[in-house]
Each structure stands twice: as C-alpha cells, then as structure tokens.
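Beneath this line is the structure, given in structure tokens, with notes to follow.
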Amino acid sequence: MELLYGLITGVLFGFLLQKGRVLRYDKQLGALRLKDMTIMKFMLSHIAVAMVGVYCLYDLGLVKLALKPTLLGGVVIGGLIFGIGWGLLGYCPGTSLGAVGEGRLDALWGILGMLVGAGLYAEAFPYLKTTVLTWGDYGKITIPQVLGVNHWVVILPFLVLTILFFRWLEKRDL
Amino acid sequence: MQDKSGWNPYAAGALSGLVSIGSVYFVGKYLGASTTFVKTTGMIEQMFSPERVAQMPYFIKEIPAIDWQWMFVFGIAIGAFFAAITSGSFRLQTTPDMWAAHFGLEGKSRAKIAFIGGIIAMFGARLADGCPSGHGLSGCLQLSVSGYIALACFFVGGLFSANWLYKGGGR
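These protein sequence lines map, in sequence, to chains A and B. Heads up, the first sequence is in our numbering, so the first residue is 60 and it goes up one at a time. Heads up, the second sequence is in our numbering, so the first residue is 573 and it goes up one at a time.
Written out as structure tokens, the structure reads:
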C-alpha cells in the first residue's frame, strides 16, 4: 500500500515539475547562472505552502517531523560537492527521472553517473563515517529551536520575505 | 527564455507543496530522491555479489530494496511523461538548448559531462544525506537547520561549476 502511495505521489509531483518547467537543463543552469529563477520560484512556493500546512498539522498533533541531523562536515562538504556535480549535470536526482520522462535523453547519462556515484559512496562510507561524518554534529535541530521561539515566529517572517523576494524577482524579470 | 506553454512556476510550486502536505499527512513521508539511487545500485550489485553487498555497512544502513521513495522517484518519470505528452512539450533531445547554443549539437561531450557530473553529484548528495528534494524542499519546509545550510551549499557549488563551464559568456 505504501508503495502505491509512493507511486501516486511521484506521478503528481512529476506532473507539476513538468508543468512548472523546472525539469529542464536550461532552467536548472539558468538558476545557477543567475539568468532565470524559475526553479527558485517553484521551490520557494513549495516550501512556503508545505511549511504552513505541515506545521498546522503538527500543531494539531496529526503529523511528525522527520529532521535530518545538522552534521556540518557532511552537509557542508557534501553539499558543495553535490553543487559542483549539479552544475555539470544540470539535473538533480529527482528531476533527472522527470527529464527522461519529457524526452531529455542526456539525463540518462546523468542517472547512470549517479548510480556509479552512489556505489562509490558505499565503498567510501566506512572511512567517511569515522572522519567527515563526525565533524560538527549538532543533531536534529530546527531554526525555531535554535532561536528559542515558537515556530510561527519564524514562519510568518519567512512568508513575508519570500513574497518580497518574489516581487523583486518579477521586477527584475528573472 | 519565457515558455508560454508552461504553468506559472509559483502556482505549480504551490500545488506541489500541497502534494507534499498530503504525503506527510497520509503516509508520514517527506519527499526525497537520492536514497533511491543507493538502493538501485545496491540491487544491481546484489545480482553480481550478494555476499559482498550483505557485508557493506552502507547497504546495511540503506537496505537495497524497492520502497516508498523508489516508487516516488519512478512516478516522477511517469507524471512528467504524461504532462509532456498531453501538452505537446515532449521532445527527444540529446543536447539541451542552452548546451547546444554554447557547445554545439554534438551529443558525446554532453553525455560525458552529464555522466561525470552525475557521479560527483550523487557522491556529494549521499555525504550531505540529501539532495534538493530531501534537504532543499523537505528540510527547509520543516525549518531544519541542515536544510538551509545544504541548500546554500548546493547553490554555491553549482554557481561555481556552472559558471566555470560556461565561462566566457555564451548566449
């Protein structure tokens, strides 16, 4: 049953990614070359809507959070490495499958590369686990926790800033 | 660069946010994609040397099997195919437009860079424990500190390599 939910969620998400035109290499590179912020608009709209919805449900006790630990060694170094690869590939792990779905065959090479990359990581994991993955572990923390405030104190300014940022993007025609 | 056939990215993004809420509410699952590549590689390696895979710590942590996220990632391809076909925007292409304008239509060099980029990207994503969906969307929407740091690092790395690749302007 869980598998079926996964498939349905993926189909809906893939449909919207394609409609929003965020699957394309040109859009991803457009963002990284600061020429076309379509993917930023899509991502921030997703984050803003889901943030409000998930935290409302959280306050009602209907959902749980699933945080990833803030492990600076892994997140910063891994994040930068991912970014370098992303700029070359022009697709991210999720959008690469969607790009194939809309006929972008170069994404297949990226998928193949990512499978190899996953294999290499599995080989390196025992070493990384005792080195990089021990540096700067702050555990599962959220911004409101760090600031010591209720989450809505962070969410409301986040929404205001997001809208101001969108207006700025539209004014500059990005 | 404007593509009139697409939907407004704010609207598509907001609707996808509702999909995210639904997934968390009904199944308790936050969107993510990169673990699926680990599981797939694990399943492929299992075909050749099951004993070895069974002993590797990373495949003990991320058991190579089809799970919720695997189906989600697979579904993205189907959903995108359906959206592209029904709107007439499906196009078989081996070199993206921006790439072709700068480096030409030849597919081999694009394939090479995409392959190498893929290796680097996935290694980094696993080290960071997430990609733009797991950290960028799911992490940030939960206000996780790790999500914002990861997203910033993704963009810094990407700004660096994309601008290096296209150095000298281009079109």
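We treat Cβ as the ideally placed atom computed from N, Cα and C, and that holds for glycine. Note that the structure is a prediction, hence the values are computed from the model and not measured.
Check: Proximal residues to B:A697 (C-beta, below 7 angstroms), its chain only, five neighbours per side dropped; Outcome: S606, C703
Check: Short CB-CB distance (under 8 angstroms) between A:R226 and chain B; Outcome: no
Check: Any chain A beta carbon closer than 8 angstroms to B:G600; Outcome: yes
Check: Contact set for A:F217: own chain, Cβ-Cβ below 6 angstroms, skip 5 residues either direction; Outcome: none
Check: Candidates B:S577, B:N735, B:N580, of which the one nearest A:G146 by Cα; Outcome: B:N735
Check: For B:F726 and A:F224, believed in contact at Cβ under 8 angstroms, the rounded distance; Outcome: Rounded, the Cβ-Cβ distance is 18 angstroms, inconsistent with contact.
Check: Check: B:D639 C-beta below 7 angstroms from any heavy atom of the ligand NAD; Outcome: The ligand NAD is not among the ligands present in this structure, which contains no ligands whatsoever.
Check: Residue-level contact to chain A via CB, B:S661, 8 angstroms cutoff; Outcome: yes
Check: According to DSSP, residues forming a beta bridge with B:Q665; Outcome: A:R163
Check: Cutoff 6 angstroms; reference A:G169; Cβ partners in own chain excluding five residues on either side; Outcome: L148, Y150, S155
Check: Beta carbon proximity, B:L677 to chain A, threshold 8 angstroms; Outcome: no
Check: Integer Cβ distance of A:H105 from B:G585, believed to fall under 8 angstroms; Outcome: 5 angstroms
Check: Rounded distance between the beta-carbons of A:G157 and A:L215, thought under 8 angstroms; Outcome: About 32 angstroms separates the two Cβ atoms, so there is no contact after all.
Check: Contact set between A:G207 and chain B, taken where Cβ atoms lie within less than 8 angstroms; Outcome: Within chain B, no residue comes near A:G207; the closest Cβ sits about 13 angstroms away, beyond 8 angstroms.
Check: Within-8 angstroms CB hit, B:A683 to chain A; Outcome: yes
Check: Secondary structure of A:E126, DSSP reduced to three states; Outcome: Contrary to the premise, residue 126 of chain A reads as Leu rather than Glu in this sequence. Here A:L126 sits in coil by DSSP.
Check: A:T201 - partner residues in DSSP beta bridges; Outcome: B:S716
Check: Per DSSP, the bridge partner or partners of A:D196; Outcome: A:L130
Check: Best match in B:K739, B:Q665, B:L731, B:A655 for proximity to A:L139 [C-alpha to C-alpha]; Outcome: B:L731
Check: Contact with chain B by A:G231, beta-carbon distance below 8 angstroms; Outcome: A small correction: the amino acid at residue 231 of chain A is Arg; Gly does not occupy that position in the sequence shown. No, no contact with chain B.
Check: Burial state of B:Q627 (16 or more Cβ within 10 Å); Outcome: exposed
Check: Contact set for B:R743: own chain, Cβ-Cβ below 7 angstroms, skip 5 residues either direction; Outcome: Its pLDDT being 43, under 50, B:R743 is placed unreliably in this model, and the coordinates cannot settle the point.
Check: Chain A within 8 angstroms of B:R698, Cβ atoms only; Outcome: yes
Check: For B:R698, the first and last residue of its enclosing alpha helix (DSSP H); Outcome: 679–700
Check: Contact set between A:G120 and chain B, taken where Cβ atoms lie within less than 9 angstroms; Outcome: None at all; the shortest Cβ gap to chain B is about 12 angstroms.
Check: Touch test, the segment 680–695 of chain B against the segment 164–180 of chain A, Cβ-Cβ under 8 angstroms, three pairs minimum; Outcome: yes
Check: Beta-carbon contacts of B:A723 that lie in its chain and below 8 angstroms, excluding the five residues immediately before and after; Outcome: Before going on, a small fix: residue 723 of chain B reads as Leu here, not Ala. P704, H707, G708, G711, C712.
Check: Min CB distance B:A722 to chain A below 8 angstroms; Outcome: yes
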